[in-house]
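Per my numbering, the sequence shown starts with residue 79, numbered consecutively.
Input: a single structure, listed below in structure tokens.
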Amino acid sequence: MKFHYGMKTIGIVGGGQLGKMLADAAKKLGFKTIVLDPTPNAPASLSADKQIVGSFKDKQKILELADEVDVITFEIESANAEALDELEKKGKEVHPSPKTLSIIKDKFEQKNFLREHDIAVADFALIENEDDCLKQGKLFGYPFLLKARFDAYDGRGNFVIKSEGDITPAFEKLKSSPLYAEKFVPFVKELAVVSVRGKDGKIVSFPTVETVHKNNICHIVRSPAPVSEEIRSRAETLARSVLSALEGVGVFAIEMFLTADGEVLVNEIAPRVHNSGHHTIEAFTASQFEQHIRAIAGMPLVDPSPNAEVSVMINILGEQSGPAIPKGVMEAENLGDTTVHIYGKMETRPERKMGHITTLAKTLSEAEEKAVKARKHISI
Ligand code: AMP
Numbered sequence: 079m080k081f082h083y084g085m086k087t088i089g090i091v092g093g094g095q096l097g098k099m100l101a102d103a104a105k106k107l108g109f110k111t112i113v114l115d116p117t118p119n120a121p122a123s124l125s126a127d128k129q130i131v132g133s134f135k136d137k138q139k140i141l142e143l144a145d146e147v148d149v150i151t152f153e154i155e156s157a158n159a160e161a162l163d164e165l166e167k168k169g170k171e172v173h174p175s176p177k178t179l180s181i182i183k184d185k186f187e188q189k190n191f192l193r194e195h196d197i198a199v200a201d202f203a204l205i206e207n208e209d210d211c212l213k214q215g216k217l218f219g220y221p222f223l224l225k226a227r228f229d230a231y232d233g234r235g236n237f238v239i240k241s242e243g244d245i246t247p248a249f250e251k252l253k254s255s256p257l258y259a260e261k262f263v264p265f266v267k268e269l270a271v272v273s274v275r276g277k278d279g280k281i282v283s284f285p286t287v288e289t290v291h292k293n294n295i296c297h298i299v300r301s302p303a304p305v306s307e308e309i310r311s312r313a314e315t316l317a318r319s320v321l322s323a324l325e326g327v328g329v330f331a332i333e334m335f336l337t338a339d340g341e342v343l344v345n346e347i348a349p350r351v352h353n354s355g356h357h358t359i360e361a362f363t364a365s366q367f368e369q370h371i372r373a374i375a376g377m378p379l380v381d382p383s384p385n386a387e388v389s390v391m392i393n394i395l396g397e398q399s400g401p402a403i404p405k406g407v408m409e410a411e412n413l414g415d416t417t418v419h420i421y422g423k424m425e426t427r428p429e430r431k432m433g434h435i436t437t438l439a440k441t442l443s444e445a446e447e448k449a450v451k452a453r454k455h456i457s458i
């Protein structure tokens, strides 16, 4: 095993599928990984050298992880930012910067930050009670969104308020979290750009993709996004502005809305590898996971070249509840230029992210047709 730049072991806070794919990339580059995750035998434990079982919010467990590794990164926003900040102040390398994680993990602060840096976002406002919500409904008009400020990935903390009558049920559902409201954006497409900053300050982006969400969960990613060259480059410029405003080394995913009149707004930032970049494993000469490991290890970033004209990624969501027994993977991969990733989660549940499929092709319709066909072969 070869070691780069005197650094041997990478600690990853969070051991889900993102941690697993990061550990795979780290192994390819010659690094060891240790992951911290509360679930024994978490997906990343299949690829990492070791798993520490514990919550990614638990300061003691993060300190325990830090003792065993040379650099720390995270695959989940709910990682304890204060503990990471303390470690960084003591001289431990933590990437991306815990300061940036603190801004991003509070979706309201994140929106404030973007607005202060002149980055276009939907109008938003802090909400403390139902009365605030009523007032905001009058200002924004209906529908608008009530959103949890913290720990709200995959749309779990969102409620679309269609009329005044929805306000009380929305509060009932989201009351355990501080909230904010956001104006509804009548988007025509959702776009995303995965960008990475190296330690030398260099920023590299993958081409803009289109993401399609169902029930707030990312379902399909089309790369490149089927929009004009001008819109694609506008999205990539916007992503670069976001990275320039934020501190931190590593991968950031910028999710965006495209409106009918060609405006591109930032929806949200993830300070980590992201579902909208999974296709990069097969579709580019270096994946988002490899770029992240390269960035945090101080290695040069790759200018990724595409391995095919286009690619499509479809998530494999759980279909039932119980032990996860994937079937049909071989039949799916036999379609050619089709790769199935199964994350190794022990239990399946409806809508749980259990794996994904990436297809490569000459046209998006060909790639998507194959991905849909592949998905039909698989049950989990
Ligand atoms: P989020 O987790 O906040 O990114 O929201 C998940 C999904 O909800 C997004 O990908 C959109 O499809 C939808 N969504 C979120 N915010 C808005 C908004 N302000 N207007 C319209 N749709 C939204």
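Where a beta carbon is used, it is the ideal one built from N, C-alpha and C, also for glycine.
Predicted model, so just to flag it, every value in this text is computed and none were measured.
DSSP places Val407 in the uninterrupted alpha helix (DSSP H) bounded by 407 to 411. If the five residues before and after Leu162 are omitted, its C-beta is found closer than 8 Å to the C-beta atoms of Val91, Ile140, Ile150, Phe152, Val172, Pro176, Leu179, all from its own chain and listed in chain order. Sorting Lys277, His356, Asp339 by C-alpha distance to the C-alpha of His297 places His356 at the top.
When the alpha-carbon of Ile456 is set against those of Ala445, Glu446, Met408, the nearest one is in Met408.
Beta bridge pairing from DSSP links Phe237 with Leu224. Within the same chain, Ser365 come within 6 Å of Ile359 by CB-CB distance, once the 5 residues on both sides are set aside.
Non-local beta-carbon contacts of Glu446 in its own chain, meaning distances under 6 Å to residues more than five positions away in sequence, involve Val390 in chain order.
With 16 or more neighbouring CB atoms inside 10 Å of its own CB, His352 falls in the buried class.
Counting every other CB atom within 10 Å of its CB across the protein chains shown gives Glu260 a total of 16 or more, marking it as buried. Note that the C-beta distance between Glu142 and Ile182 is not below 8 Å. Within the chosen limit of 7 Å, the ligand AMP reaches the beta carbon of Phe265 through at least one heavy atom. Residue pairing of Gln129 in beta bridges, as defined by DSSP: Val113. Here the alpha carbons of Val271 and His370 stand approximately 14 Å from one another. Just so you know, the alpha carbons of Lys98 and Val238 end up roughly 33 Å apart.
Counting only runs of at least 4 residues, the stretch 128 to 173 fully encloses the following alpha helix (DSSP H) elements, listed from N- to C-terminal order: 137 to 146, 159 to 167. Under the DSSP assignment, Ala348 falls outside any alpha helix (DSSP H), being part of the beta strand (DSSP E) whose first and last residues are 342 to 348. Relative to the ligand AMP, the beta carbon of Asn119 is positioned no closer than 7 Å to any heavy atom. Between Gly132 and Pro116, the C-beta gap is smaller than 8 Å, which places the two residues in contact. For Gly422, the CB contacts under 6 Å within the same chain, skipping 5 residues up- and downstream, are Pro121, Leu124 in chain order. Judged by DSSP in its simplified three-state form, Val320 adopts helix. Boundaries of the beta strand (DSSP E) harbouring Glu260: 257 to 261, taken from the DSSP string. Nearest Cα to Gln214 within the set Gly279, Glu387, Ser241, Phe330: Ser241.
The three-state reading of DSSP puts Ala439 in strand, counting E and B together. In this structure, the ligand AMP has no non-hydrogen atom nearer than 7 Å to the beta-carbon of His434.
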